[in-house]
Amino acid sequence: MSTEPAHPNVIPFRPEPAEIKAAEQAVIGAALLDPVQIPALAAQLGDPGAFYHPAHETIWRAITRMADGERPVDPLLLTGVLRAQGDLGRIGGPGYLHACVEATPTAANGDYYAEIVRAAAERRRINTATSRLAHMAGDGQADLDDVRAAALAALADLATGESWLDPVPLGSHGTLPTFPVHTLPKWVGAYVDAVAEFTQTPPDMAATMALAALSTAAGGRVGVEIRPGWREQSNLYLVCAMPPASRKSDVFATMTAPIYRVEDELRTNARARIIEAETAKETALAEVDALMAKARKNPDLDRAHLVAEIAGARMLADEIVVPPSPRLTLSGDITPETVTHQLGVHRCLAALSPEGDLFDSIVGRYSSKPNLGVFLQAHKGERLQADRITREQPTVDKPALTIGVTPQPAVLQELGAAPGARDRGLLARFLYSLPPSNLGYRKIRTTPVPEQVAAAYDLRLTALLHTLTALDEPVTVTMTEAADLAVEKLQEKFEVQLRPDEPLAHIKDWAGKLVGHIARVAVLLHLADRTGGDWRAPVEAATVDRAAEIAEYYTAHTLAVFDLIAADPATEDAHALLQWLRRPKKDGTHRTHIKAHDAVASSRRFKKVADVEPALALLEQHSWLRTDQHTPTGQRGRAPAITFRVHPAVSTPTDGAEAP
């Protein structure tokens with residue numbers, strides 16, 4: 001039976017004796033049945049890497065983090081934590097946690113099960129080390145000193161009984177969370193799941209385009225007042241970056257089809273009205289032309305009376321307004337100039353595309369420099385002074401542009417490098433998604449989207465589009481007092497995370513807009529929840545909570561995207577430290593332990609310990625370093641400086657480690 005994963009979000013594993021898997025399940029089950037045992041079980045196991053099955057290691061890490069944080073542990077709470085991390089689907093879903101509990105004969109024997117797991121891990125370490133050494137020793141081209149050094153290092157590692165996780169390349173965030181589809185309205189979430197299954201694509205892409213579809217309907221037409229004096233529009237800038245051959249066009253077409261159909265319907269329905277207005281205007285202008293011709297042919301007529309008659313006819317002609325053909329989306333050659341002009345005519349528009357052509361225009365590929373102004377103003381709804389392409393071109397109050405695109409990741413790097421894109425706040429206006437590709441793991445025969453699921457999505461999105469595009473004036477919905485308090489708590493939470501050395505410190509420009517984005521997503525969820533009800537009712541706190549969970553997803557992906565475009569200075573510092581660690585010392589050996597002041601002395605780029613701490617933390621997060629645990633002495637005084645152990649792979653970059 002093949003052990004290849006059917007999906008890249010499912011953790012693969014190789015066969016292992018059934019009793020080992022049963023013991024690992026029993027350790028997890030014992031912890032869930034009797035959480036008091038967790039510290040003892042953790043001590044017995046040692047490294048979480050003792051688990052052979054990656055899914056079990058993922059579950060165990062979540063359990064120990066909950067216990068260390070003094071949070072209660074049970075299957076329901078653990079399910080929520082794994083879901084928030086994006087790992088629930090990868091470990092087999094909530095049902096697998098209950099399977100582990102059911103597979104546990106008795107929680108009282110938890111230490112016995114842990115010993116079986118630890119012993120099996122030790123045997124694997126010995127087997128791996130000896131196999132690698134045997135391979136090296138049998139290689140006639142290998143340097144004998146290198147073989148001897150590797151053998152001594154392996155014996156030292158085996159003597160300590162410790163194991164290291166494989167280091168993660170810098171710039172990579174490991175497994176990013178999967179879009180929390182359960183936060184979407186049921187009719188949207190069911191369609192997202194069905195489309196993702198049928199196209200064998202991550203649900204992130206369909207979910208992001210679903211939000212873009214809702215934003216197309218509501219953006220600029222419905223806003224939200226969080227509290228008096230603070231209002232947000234409902235249009236979003238969304239980008240889901242995927243590599244080529246990821247079936248982006250299929251997902252895009254499926255999720256946006258109702259938008260283009262409604263747009264065609266609106267144009268068809270407006271055609272008679274437009275023709276009537278055009279005819280009336282042409283008739284009025286013809287009357288003006290006739291009077292002008294009369295004046296030219298009859299110079300003896302009463303000039304004052306004739307001028308008054310012509311002026312009156314012209315005023316009547318000017319009063320006849322020919323409505324533009326309805327438009328929901330931008331198409332064709334999308335340049336800043338055409339966006340500005342079309343917003344001047346329609347005010348609320350969406351730029352939707354399965355490719356990144358729009359970004360080509362934004363970064364100035366077809367002009368001398370980027371033209372960012374319209375994209376900055378149309379996100380916030382700031383007054384837009386349009387270039388007067390025609391005499392009738394108006395100035396636009398509260399323009400609203402929605403962007404929903406699925407470019408290749410490299411396009412984001414180009415966008416990040418565009419002059420002014422970061423400094424002027426363009427990057428901060430986007431919600432980013434960077435899901436893994438399913439290429440190589442896709443099912444060949446898949447389940448078609450159920451007709452009732454597709455019909456529900458089509459019917460409700462169509463109804464929302466018709467309802468909101470028919471509004472004569474923008475509508476503002478409010479928030480309940482509880483929802484306002486929920487937003488306030490989010491503000492307090494993220495404000496702390498903007499401080500130096502906190503998680504969002506290096507993306508303050510983006511994170512500073514995060515609560516506003518949450519409010520925008522919340523009003524979209526609110527509208528989608530009430531397609532057949534009173535959508536003018538206040539937004540509730542539970543809806544804000546769902547929007548906040550979606551924001552957590554986009555935050556994790558945005559951190560990865562800003563790493564991709566080299567927006568995090570700590571990454572460059574970490575690269576510099578890693579190169580220093582790879583250089584042998586004067587005696588030819590490599591560093592096995594370092595302290596922060598050693599890293600400061602390694603380069604002129606660091607002036608003090610505080611400067612190097614973010615880079616050290618990043619290397620530890622990526623498993624290149626490990627904090628050495630000190631045994632408490634019981635003596636008073638200043639705590640000793642933290643010592644970091646260096647991953648053995650640092651001195652052997654050819655063994656799967658990151659090249660300097």
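Residues in the sequence shown are numbered consecutively from 1, following full-length UniProt numbering. The C-beta atom is built at its ideal place from N, Cα and C for all residues, glycine as well.
Are there any heavy atoms of the ligand MN lying less than 8 Å away from the beta-carbon of A601, as far as the coordinates show? Ligands are entirely absent from the displayed structure, and the ligand MN is therefore not among its contents.
Would you mind reading off the limits of the alpha helix (DSSP H) that contains E225? To locate residue 225, count along the sequence shown from 1; it is residue 225. In the DSSP assignment, E225 falls outside any alpha helix (DSSP H) and within the unbroken beta strand (DSSP E) covering V222 to R227.
Distance, A350 Cα to R261 Cα: The sequence position of residue 261 within the sequence shown is 261, counting from 1. The sequence position of residue 350 within the sequence shown is 350, counting from 1. Straight-line spacing of the CA atoms in R261 and A350 works out to 14 Å.
Is L559 closer than 9 Å to I507 when the C-beta atoms are compared? Within the sequence shown, residue 507 is the residue found at index 507, counting from 1. Within the sequence shown, residue 559 is the residue found at index 559, counting from 1. Between I507 and L559, the gap from beta carbon to beta carbon is short of 9 Å.
Based on the DSSP secondary-structure assignment, which residues constitute the bridge partners of G404? Here residue 404 refers to the residue found at position 404 when the sequence shown is read from its first residue. Answer is L238 and L352.
Evaluate P258 with the Cβ neighbour count: other Cβ atoms within 10 Å of its Cβ, from every protein chain shown; 16 or more gives buried, anything less gives exposed. On the sequence shown, residue 258 is found 258 positions in, with the first residue counted as 1. It is buried - the Cβ of P258 has at least 16 other Cβ atoms within 10 Å.
With H, G and I counted as helix, E and B as strand and the rest as coil, what does DSSP make of I507? Position 507 of the sequence shown, counted from the first residue, corresponds to residue 507. Of the three classes helix, strand and coil, the one that applies to I507 here is helix, per DSSP.
Buried or exposed: where does S651 fall if 16 or more other Cβ atoms within 10 Å of its Cβ makes it buried? Counting from one through the sequence shown, the residue named residue 651 turns up at place 651. Under this definition S651 is a buried residue.
Would you tell me roughly how many angstroms separate the C-alpha atoms of D598 and R604, rounded to the nearest one? Position 598 of the sequence shown holds residue 598. Position 604 of the sequence shown holds residue 604. Counting only the Cα atoms, R604 lies some 12 Å from D598.
Are the CB atoms of A317 and L285 nearer to each other than 9 Å? One-based indexing of the sequence shown puts residue 317 at position 317. One-based indexing of the sequence shown puts residue 285 at position 285. Taking C-beta atoms as the reference points, A317 and L285 count as a pair closer than 9 Å.
Is the region 68-84 close to the region 108-115, with three or more CB pairs under 8 Å? Under the 8 Å Cβ criterion, the region 68-84 does not count as touching the region 108-115, having fewer than three qualifying pairs.
Three or more beta-carbon pairs under 8 Å between the region 47-58 and the region 91-100, yes or no? Taking 8 Å as the limit for Cβ pairs, the verdict is that the region 91-100 does touch the region 47-58.
When we look at the beta-carbon of R221 and count the other beta-carbons within 10 Å, is it buried (16 or more) or exposed? Position 221 of the sequence shown, counted from the first residue, corresponds to residue 221. With a threshold of 16 other beta carbon atoms within 10 Å, R221 meets it and is buried.
Would you check if the region 512-527 and the region 222-239 touch, i.e. whether three or more CB-CB distances between them fall below 8 Å? Contact holds: three or more Cβ-Cβ distances are below 8 Å.
Who are the near neighbours of L468 in its chain, counting only those whose CB is closer than 8 Å to its CB and skipping five residues on each side? To locate residue 468, count along the sequence shown from 1; it is residue 468. When the five nearest sequence neighbours on each side are left out, the beta carbons in the same chain lying within less than 8 Å of the beta carbon of L468 are those of A217, A218, R221, V222 and L527, in order along the chain.
Taking 9 Å as the threshold (beta carbon to beta carbon), is F375 in contact with chain E? Of the chains in the structure shown, none is chain E; there is only one protein chain.
Judging by CA-CA distance, which residue of T447, G93, P584 and Y112 is the nearest neighbour of A31? Here residue 31 is taken as the residue at index 31 of the sequence shown, counted from 1. The candidate whose alpha carbon is nearest that of A31 is Y112.
Three-state secondary structure (DSSP) of L465: For the purposes of this step, residue 465 is taken as residue 465 along the sequence shown, with counting starting at 1. In the three-state DSSP reduction, L465 falls in the helix class (H, G or I).
Could you spell out the range, first to last residue, of the beta strand (DSSP E) harbouring S433? Counted from its first residue, the sequence shown places residue 433 at position 433. First-last of the beta strand (DSSP E) with S433: F430 to S433.
Assuming H593 is part of the beta strand (DSSP E), what are its boundary residues? Taking the first residue of the sequence shown as 1, we reach residue 593 at position 593. H593 -> beta strand (DSSP E) spans H593 to K595.
In whole angstroms, what separates the C-alpha of G80 from that of R591? The residue given as residue 80 occupies position 80 in the sequence shown. The residue given as residue 591 occupies position 591 in the sequence shown. About 41 Å.
Along the alpha helix (DSSP H) that carries W187, what are the first and last residues, could you check? As a working note, residue 187 is residue 187 in the sequence shown. Judged by DSSP secondary structure, W187 falls within the alpha helix (DSSP H) whose first and last residues are K186 to T199.
Cutoff 7 Å; reference F193; Cβ partners in own chain excluding five residues on either side: Translated into positions along the sequence shown, residue 193 becomes position 193. For the record, residue 193 in the displayed sequence is Asp; it is not Phe. Beyond the five residues adjoining it in sequence on each side, D193 comes within less than 7 Å, by CB distance, of V181 and P203 in the same chain, given in chain order.
Using the rule of at least 16 other Cβ atoms within 10 Å of the residue's Cβ for burial, across every protein chain shown, is P39 buried or exposed? The residue labelled residue 39 in the question sits at position 39 within the sequence shown. Exposed.
Assuming Y237 and F359 form a contact by the criterion Cβ under 8 Å, report the distance between their Cβ atoms to the nearest whole angstrom. Numbered from its first residue, the sequence shown carries residue 237 at position 237. Numbered from its first residue, the sequence shown carries residue 359 at position 359. Separation of the CB atoms of Y237 and F359 is rounded to 11 Å, and the pair is thereby denied contact status at 8 Å.
Run the CB neighbour count on V27, radius 10 Å, all protein chains shown included, and call it buried at 16 or more, exposed below. Counting from one through the sequence shown, the residue named residue 27 turns up at place 27. By the neighbour-count criterion, in which a residue is buried when 16 or more other Cβ atoms sit within 10 angstroms of its Cβ, V27 is buried.
By how many angstroms is the C-alpha of P614 removed from the C-alpha of H557? Taking the first residue of the sequence shown as position 1, residue 557 is located at position 557. Taking the first residue of the sequence shown as position 1, residue 614 is located at position 614. Straight-line Cα distance between these residues: approximately 20 Å.
Helix, strand or coil for T446? Go by DSSP, reduced to three states. Along the sequence shown, one-based indexing puts residue 446 at 446. In the structure shown, T446 sits in coil (DSSP, three-state: anything other than H, G, I, E or B).
How close, in whole Å, do the beta carbons of K380 and I320 come, if the pair is a contact with beta carbons under 8 Å? Position 380 of the sequence shown, counted from the start, is the residue given in the question as residue 380. Position 320 of the sequence shown, counted from the start, is the residue given in the question as residue 320. At roughly 34 Å, the Cβ-Cβ gap does not stay under 8 Å, so K380 and I320 are not in contact.
Other residues of its chain near P632: CB distance less than 6 Å, five sequence neighbours each side excluded: For the purposes of this step, residue 632 is identified with residue 632 of the sequence shown, where counting begins at 1. Because the pLDDT at P632 is just 41, under 50, the model does not fix this residue reliably, and the value given afterwards should be weighed accordingly. Exclusion of the five residues before and after P632 leaves no residue of its chain whose Cβ lies closer than 6 Å to its Cβ.
Contact set for A313: own chain, Cβ-Cβ below 8 Å, skip 5 residues either direction: Position 313 of the sequence shown holds residue 313. So the qualifying residues of the chain are A284, E287, V288 and L291.
Reduced DSSP secondary structure (H/G/I, E/B, other) of R499: Mapped onto the sequence shown, residue 499 falls at position 499. R499 falls in the coil class under three-state DSSP.
Helix, strand or coil: which one does DSSP assign to R626? Position 626 of the sequence shown, counted from the start, is the residue given in the question as residue 626. Three-state DSSP puts R626 in a strand.
If we ignore side chains and look at the alpha-carbon of each, how far apart do A23 and M66 end up? Within the sequence shown, residue 23 is the residue found at index 23, counting from 1. Within the sequence shown, residue 66 is the residue found at index 66, counting from 1. Approximately 22 Å between the Cα atoms of the pair.
How would you call V646, buried or exposed, if buried means at least 16 neighbouring beta carbons within 10 angstroms? Within the sequence shown, the letter at position 646 stands for residue 646. Under this definition V646 is a buried residue.
Roughly how many whole angstroms lie between the Cα atoms of P648 and Q200? Residue 648 sits at position 648 when you count from the first residue of the sequence shown. Residue 200 sits at position 200 when you count from the first residue of the sequence shown. Cα atoms of P648 and Q200: separation of roughly 38 Å, rounded to the nearest angstrom.
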